[in-house]
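In the working numbering, the protein residues as written are 11 to 183.
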């Protein structure tokens, strides 16, 4: 049976330097931690569109949670990545339900997670290269907000220049 193809469907609401409260504009330091199978119980199905427990169980993927330093038990966003031969592939990026839509709590969740994927790529010797498959309607959005380049069809990637910009934006390294 063929795996269902999932296309990137996250919106970069704002590139921040951490995450930012939507109403007050106060920023909060974040941390990103890898989740293991034993951590799957932290993910409430009602807060997510995707089945993150399946992502965590898939041994070819790594799942990371984004939370604030002061409140690490509340997951703000999740990302699923896979190490390829010469890049990192982003399978899923998702903000928690309370960080989506017009009444979201925080801005900057997806940008933070994509910057993290670039950072991991850089640390693993891939010079920041990250690829993902985009929904057609979001291709221009990713080009404008992230500096993503369309490779072919719906496959997009962030090159070393775009990656370094995001890494510096979020991690100041």
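Beta carbons: idealized from backbone N, C-alpha and C, even for Gly.
Cutoff 7 Å; reference residue i; Cβ partners in own chain excluding five residues on either side
i	result
residue 12	The predicted position of residue 12 is uncertain, since its pLDDT is 41 and thus under 50; no value can be drawn from it.
residue 116	29, 30, 31, 32, 86 and 109
Reduced DSSP secondary structure (H/G/I, E/B, other) of residue i
i	result
residue 12	Any answer about residue 12 is weak, because its pLDDT of 41 lies below 50 and its placement is not dependable; what the coordinates show is given next. Note: residue 12 maps to coil in three-state DSSP.
residue 187	With the chain covering 11 to 183 only, the question about residue 187 has no answer from this structure.
residue 31	strand
residue 181	helix
residue 49	helix
residue 158	coil
residue 17	coil
residue 174	helix
residue 25	coil
Close Cβ partners of residue i (< 6 Å) along its chain, the five nearest in sequence each way excluded
i	result
residue 141	97, 99 and 167
residue 207	One cannot answer for residue 207 here, as it falls past the ends of the chain, which runs 11 to 183.
CB of residue i within 9 Å of CB of residue j, strictly
i	j	result
residue 20	residue 45	no
Same chain only: Cβ atoms within 8 Å of residue i, ignoring 5 sequence neighbours per side
i	result
residue 164	17, 143, 144, 145, 146 and 149
residue 170	137, 138 and 139
Please go through the segment 60-135 and give each complete alpha helix (DSSP H) segment of 4 or more residues, from N-terminal end onward.
62-67 and 119-133
Does the structure place the segment 118-134 close enough to the segment 70-90 that three or more beta carbon pairs sit under 8 Å?
yes
Using 8 Å as the threshold, is the segment 128-142 in touch with the segment 159-177, meaning 3 or more CB pairs across them?
yes
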